[in-house]
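Have a look at the structure below before the remarks.
Number of protein chains: 2
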Amino acid sequence: MPREMDRRAARTRKALHQALLALMLRKGYEALSVQDIIDEADIGRSTFYAHYTGKEDLLRSGFQMLREELKEAQSAASAGAEASHDDPLGFSAAMFEHAARYADHYRTMIGGRGGTVTENEIRLILSEMVRQELPPTLHGDAVPRDFVVQFIVGAFLTTLNWWFERKPKLSPSQVDAIFRRLALEGLSQLIGDERRQVDRPDASRDTA
Amino acid sequence: MPREMDRRAARTRKALHQALLALMLRKGYEALSVQDIIDEADIGRSTFYAHYTGKEDLLRSGFQMLREELKEAQSAASAGAEASHDDPLGFSAAMFEHAARYADHYRTMIGGRGGTVTENEIRLILSEMVRQELPPTLHGDAVPRDFVVQFIVGAFLTTLNWWFERKPKLSPSQVDAIFRRLALEGLSQLIGDERRQVDRPDASRDTA
DNA sequence: ATGATAATGGACAGCTTGTTCGGATTTTCG
DNA sequence: CGAAAATCCGAACAAGCTGTCCATTATCAT
Numbered sequence: 686m687p688r689e690m691d692r693r694a695a696r697t698r699k700a701l702h703q704a705l706l707a708l709m710l711r712k713g714y715e716a717l718s719v720q721d722i723i724d725e726a727d728i729g730r731s732t733f734y735a736h737y738t739g740k741e742d743l744l745r746s747g748f749q750m751l752r753e754e755l756k757e758a759q760s761a762a763s764a765g766a767e768a769s770h771d772d773p774l775g776f777s778a779a780m781f782e783h784a785a786r787y788a789d790h791y792r793t794m795i796g797g798r799g800g801t802v803t804e805n806e807i808r809l810i811l812s813e814m815v816r817q818e819l820p821p822t823l824h825g826d827a828v829p830r831d832f833v834v835q836f837i838v839g840a841f842l843t844t845l846n847w848w849f850e851r852k853p854k855l856s857p858s859q860v861d862a863i864f865r866r867l868a869l870e871g872l873s874q875l876i877g878d879e880r881r882q883v884d885r886p887d888a889s890r891d892t893a
Numbered sequence: 686m687p688r689e690m691d692r693r694a695a696r697t698r699k700a701l702h703q704a705l706l707a708l709m710l711r712k713g714y715e716a717l718s719v720q721d722i723i724d725e726a727d728i729g730r731s732t733f734y735a736h737y738t739g740k741e742d743l744l745r746s747g748f749q750m751l752r753e754e755l756k757e758a759q760s761a762a763s764a765g766a767e768a769s770h771d772d773p774l775g776f777s778a779a780m781f782e783h784a785a786r787y788a789d790h791y792r793t794m795i796g797g798r799g800g801t802v803t804e805n806e807i808r809l810i811l812s813e814m815v816r817q818e819l820p821p822t823l824h825g826d827a828v829p830r831d832f833v834v835q836f837i838v839g840a841f842l843t844t845l846n847w848w849f850e851r852k853p854k855l856s857p858s859q860v861d862a863i864f865r866r867l868a869l870e871g872l873s874q875l876i877g878d879e880r881r882q883v884d885r886p887d888a889s890r891d892t893a
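For the protein sequence lines, the chains are A and B, in the order given. 822 is the number that the working numbering gives to position 137 of the first sequence; each next residue is one higher, with no gaps. 741 is the number that the working numbering gives to position 56 of the second sequence; each next residue is one higher, with no gaps.
Shown next, in the form of structure tokens:
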């Protein structure tokens with residue numbers, strides 16, 4: 686791999702990435718043909734195949750950057766609050782921040798537009814992040830560990846999708862609050878179920 | 686729509702549905718061509734287009750049956766336990782039973798194999814079911830109603846996918862128990878977070 | 001500037017799609 | 001049973017996409 690890339694190559698790749706992003710927002714990934722991409726980017730056919738093996742390759746390479754940056758955000762977040770195992774979803778705020786900054790990219794990945802490949806990819810990334818944050822032991826063995834991971838990742842994706850589609854005006858921290866409320870405390874509190882009326886921990890733990 | 690269908694037409698459609706199911710289990714939906722389907726079903730090209738406008742049409746028509754049966758299962762479940770608003774996820778057990786019976790169908794719809802169309806379709810079906818079961822008012826206005834719906838649907842799908850991919854031996858009721866544990870009570874109880882150690886309601890409510 | 005290197009655009013064969021025929025076959029109904 | 005009606009079939013089509021090849025052109029290092 687060439688550490689420094691020819692300027693032409695760099696420009697070509699950038700153009701392709703931009704074209705892909707724009708088209709995915711418009712038509713979704715699956716409906717896209719290589720033809721569409723090179724038309725949008727105004728790039729020759731063979732040029733495309735000189736750089737990537739197909740649209741999936743192009744897509745994946747686009748993830749690389751996001752993936753690394755997200756990992757950094759996680760590190761930063763769980764380093765700040767060393768209480769990683771105390772608040773195992775502590776990095777959720779950082780994640781929503783990151784999503785807000787790259788809203789367009791996330792939008793293409795999540796919900797209908799993304800398609801199978803994209804969905805899988807982001808699931809893997811998030812899964813690993815969650816797995817790291819999760820404490821080594823869970824109370825009781827009733828709920829398998831890998832299920833918990835999947836559950837959280839699913840909740841992330843659901844939240845992101847709802848955010849972008851329904852309430853794009855909400856700030857990352859607002860979304861994070863809603864997410865945590867539901868994922869951490871569960872549905873019982875929200876739903877009828879008066880009996881359990883939960884003597885809630887009075888929510889005055891610390892700052893908010 | 687012909688109330689009674691010509692036997693030949695019925696056979697053709699059945700063959701196409703079976704072919705689609707088999708191929709989706711093998712290769713997934715997106716990767717499928719009409720060519721593959723008619724080869725597998727041993728049906729002429731023009732015959733296919735005489736019945737359906739394309740593979741998506743065929744797919745959707747396959748849902749019809751499942752959709753109706755699932756609705757019935759829901760009705761039955763929430764009729765038995767009239768406490769619909771008391772235990773708003775009371776039909777979850779019925780849903781997992783249904784999924785177990787039509788495991789092959791569900792398997793094609795969920796997780797990688799399904800593709801975008803399928804995923805959307807099942808999301809819609811489940812969303813409506815959940816929306817009906819949800820009580821008219823939620824405690825506090827912190828969490829928007831439609832978000833709760835999406836959250837539950839997402840949890841369903843996550844659970845189904847995990848079940849099929851990782852622990853296909855589990856019984857519907859076992860899966861349901863795990864699901865309810867996480868969705869209703871939330872993560873706090875499972876995860877470190879010793880402080881909140883929840884004075885749990887002693888779980889001796891009534892029958893189980 | 002000049003040769004070496006790499007990106008580029010256009011053209012190619014192979015495949016899938018969706019449509020349109022006429023003819024063969026099966027079903028339905030009298 | 002027998003005829004009319006409906007359905008299936010196979011072939012052939014234009015159009016579109018895919019992935020590869022090669023000659024041309026632009027950039028890089030010296």
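Glycine is no exception: its CB is placed at the ideal position from the N, C-alpha and C atoms.
Item                                                                                                                    : Value
Other residues of its chain near V815(A): CB distance less than 7 Å, five sequence neighbours each side excluded        : V834, I837 and V838
Cross-chain neighbours of V833(A) in chain B, by beta carbon under 9 Å                                                  : L867, L872, L875 and I876
Interface flag, E715(B) vs chain A, CB-CB below 8 Å                                                                     : yes
Contacting residues, own chain, Cβ-Cβ under 8 Å from D891(A) (five flanking each side not counted)                      : Confidence is the limiting factor: at D891(A) the pLDDT is only 42, short of 50, which leaves the residue's position unreliable, though a coordinate-based value still follows. Contacts found: none.
Residue range of the alpha helix (DSSP H) that includes P857(B)                                                         : P857 to E870
Residue-level contact to chain A via CB, V828(B), 8 Å cutoff                                                            : yes
Near-chain A residues of the segment 783 to 816 of chain B (beta-carbon distance less than 7 Å), N- to C-terminal order : G797, G800, T801 and N805
Distance, P820(B) Cα to Q859(A) Cα                                                                                      : 24 Å
Burial state of A827(B) (16 or more Cβ within 10 Å)                                                                     : exposed
Reference F776(B), options R865(B), Q874(B) and L872(B), closest by Cα                                                  : R865(B)
Same chain, Cβ closer than 6 Å to Q817(A), neighbours up to 5 away in sequence not counted                              : none
Chain-ordered neighbours of R851(B) on chain A, where CB pairs are closer than 7 Å                                      : D831
Cβ shell of G747(A) (< 7 Å), same chain only, five flanking positions each side left out                                : H702 and L705
Cβ contact check for the segment 845 to 855 of chain A and the segment 792 to 806 of chain A: 3 or more pairs under 8 Å : yes
Cα-Cα separation, R752(B) to S763(A)                                                                                    : 44 Å
Assigned exposure category for T738(A) - 16 Cβ within 10 Å defines buried                                               : exposed
Any chain A beta carbon closer than 8 Å to L845(B)                                                                      : no
Beta carbon of L708(B) nearer than 8 Å to that of D727(B)                                                               : no
Cβ-based neighbour list, E725(A), same chain, cut-off 7 Å, excluding 5 preceding and 5 following                        : A704, A707 and L708
Q759(B), buried or exposed, once every other Cβ within 10 Å from all chains shown has been counted against 16           : buried
Same chain only: Cβ atoms within 7 Å of E870(B), ignoring 5 sequence neighbours per side                                : none
Any chain A beta carbon closer than 8 Å to I651(B)                                                                      : This structure leaves residue 651(B) out entirely; chain B is present only between 686 and 893.
Contact with chain B by G839(A), beta-carbon distance below 8 Å                                                         : yes
Chain B contact for F836(A) (CB, 8 Å cutoff)                                                                            : yes
Rounded separation between I810(A) and L842(A) - CA only                                                                : 12 Å
Selection from L717(B), G825(B), A785(B) and Y714(B) that minimises the alpha carbon distance to K852(B)                : A785(B)
R692(B) versus D772(B): straight-line alpha-carbon distance, rounded                                                    : 45 Å
CA nearest to the CA of E754(B), picked from G799(B), Y787(B) and L743(B)                                               : Y787(B)
Proximity below 8 Å, CB of A761(B) to CB of D861(B)                                                                     : no
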